[in-house]
Amino acid sequence: MRSPNREHSLPPPSIAAGRAKMFAELAFITVGFLLLAAAIKMHWVTNFMVFCIFALSYDLLYGYMGHLSFGHMLYFGTGAYGTALWLVYGNNNPLIGLMAGLAATALCSALVGLVVVRNRGASFALINMAFNEIGYFLATSALVSLTRGADGLSCTAGQMFGFINFYNDTHAFVFVLLMVLAVFWFLRILTQSSYGVLIRSIKENEKRTQFLGYNTFAYKWITFVLSSVLAGLSGGIFALIQGFVS
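First residue of the sequence shown: 1, per this note's numbering; consecutive thereafter.
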């Protein structure tokens, strides 16, 4: 006879199946990148994984919420420059540098988002592209005394937690792989939650979602900022492992 307490302690079959699927997906990603790193140069795979994080961030904005942006690289660049500027003008602590890049991206996207998420379709895409061009102008011309313009900005990161050396191919590969897995796991949990259902409903029919009483502007703004911060994360990691942004 089964113990009633044991039955109540077990997760529902749907939850258990979801967890098993999640672990299988994470294992598949890990094995896939390990095999790829064994077949070609490891630092190529590391760079590819950085842009996988960027792609995941864009998927949240476009794939789930249905908002096409031609200016999402603005937030990759903000994260990269924010991290690099801290390493050059602050100190070489990579964790603080990465946090600085994320903070800069969050602030930038929060302000831009107040304007752009009021639009959708071609207007949303093109206004984002305009802001991207403004960012490019600031980095290459207006703030050249800080960013060194088209010559690029060299930066050197110290060891993270005292043992992660970003200029060691193996260390960089493992760190970026863990970040890919963490971002994938976070977005999977987020998009399968009630929040994920809501942003998909905005994609399908925003007016009906508003009719149900939801503040769609707030949800779109939060999703835009979150997507941008994840893009900034990929940019910050890029600055750490490359030691150069331009």
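Quick reminder that beta carbons are idealized off the backbone N, C-alpha and C, glycines included. In this text, all values refer to a predicted model and were calculated from it rather than measured experimentally.
Using alpha carbons as the reference points, say which of T191, Q210, I189, V176 lies closest to C52.
The residue with the shortest Cα to Cα distance from C52 is V176.
Answer with buried or exposed for M1, where buried requires no fewer than 16 other C-beta atoms within 10 angstroms of its C-beta.
Per-residue confidence for M1 stands at a pLDDT of 44, beneath the threshold of 50, marking its modelled position as unreliable; no derived number is given.
In whole angstroms, give me the CA-to-CA distance for A16 and L190.
Looking at the two C-alpha atoms, the distance is approximately 17 angstroms.
Given this structure, state the Cα-to-Cα distance separating S201 from R120, to the nearest angstrom.
Each residue's alpha carbon lies about 15 angstroms from the other.
Expressed to the nearest angstrom, what Euclidean distance is found between the alpha-carbon atoms of F217 and V245?
One C-alpha to the other measures close to 34 angstroms.
Suppose the cutoff is 7 angstroms on Cβ atoms and the five residues either side in sequence are ignored; what does the same chain contact list for G77 look like?
Counting only Cβ-Cβ distances below 7 angstroms, and skipping sequence neighbours, we find G135, A139, G235.
Report all residues from its chain with a CB closer than 8 angstroms to the CB of Y62; omit the five preceding and five following residues, and keep chain order.
The answer, listed in chain order, is L68, S69.
Between the stretch 36-45 and the stretch 169-186, do at least 3 Cβ pairs fall closer than 8 angstroms?
A contact exists between the stretch 36-45 and the stretch 169-186.
Whole angstroms are fine: how far does the CA of V144 sit from the CA of Y60?
A small fix is needed here, since residue 60 is Leu in this sequence, not Tyr. Their backbone Cα atoms lie some 33 angstroms apart in a straight line.
Would the beta-carbon of S109 fall within 7 angstroms of that of V225?
For S109 and V225, yes; Cβs fall inside 7 angstroms.
Between D169 and the rest of its own chain, which residues show a CB-CB distance below 6 angstroms, the 5 nearest in sequence each way excluded?
Contacts found: M42, H43.
Mind listing, in chain order, the continuous alpha helix (DSSP H) runs of no fewer than 4 residues lying wholly within the stretch 59-129?
Counting only runs of 4 or more, we get 73-89, 94-116.
Using a threshold of 7 angstroms, state whether the C-beta atoms of A239 and Y75 are closer than that.
In this structure, Y75 does not lie closer than 7 angstroms to A239 by Cβ.
With 16 other CB atoms within 10 Å as the buried threshold, where does A100 fall?
Buried, because 16 or more other Cβ atoms sit within 10 Å of the Cβ of A100.
One question on the structure: do K203 and M65 come within less than 7 angstroms of each other, judged by their Cβ atoms?
Against a cut-off of 7 angstroms, the Cβ pair of M65 and K203 comes out as a contact.
Are the stretch 154-166 and the stretch 84-99 touching by the rule of at least three beta carbon pairs closer than 8 angstroms?
In short, these stretches touch, since the Cβ pair count reaches three.
Whose C-alpha, out of S227, Q159, A103, is nearest the C-alpha of L187?
Of S227, Q159, A103, the residue nearest in Cα terms is S227.
Quick check: what's the CA-CA separation for G243 versus L35?
In a straight line, the C-alpha of G243 is about 26 angstroms away from that of L35.
Quick check on this structure: which residue in L181, F161, G82 has the alpha carbon closest to the alpha carbon of F28?
Checked all of L181, F161, G82; the closest Cα to F28 is L181.
Just reading off the alpha helix (DSSP H) that A218 is part of, what are its end residues?
Its alpha helix (DSSP H) spans residues 216-242.
For A150, does the count of other Cβ atoms within 10 angstroms reach 16, so buried, or fall short, so exposed?
Exposed, since its Cβ has fewer than 16 Cβ neighbours within 10 Å.
With a threshold of 7 angstroms on Cβ separation, who are the neighbours of Y219 within its own chain once the five nearest residues in sequence on each side are excluded?
Once the five neighbours on either side are set aside, the close Cβ partners of Y219 are L198, I199, I202.
Spatial neighbours of N92 within its chain, please: CB distance less than 7 angstroms, with the 5 preceding and 5 following residues excluded, ordered by chain position.
Hits under 7 angstroms: T156, A157, G158.
How is I40 classed by DSSP in three states: helix, strand or coil?
If DSSP states are grouped into helix, strand and coil, I40 belongs with coil.
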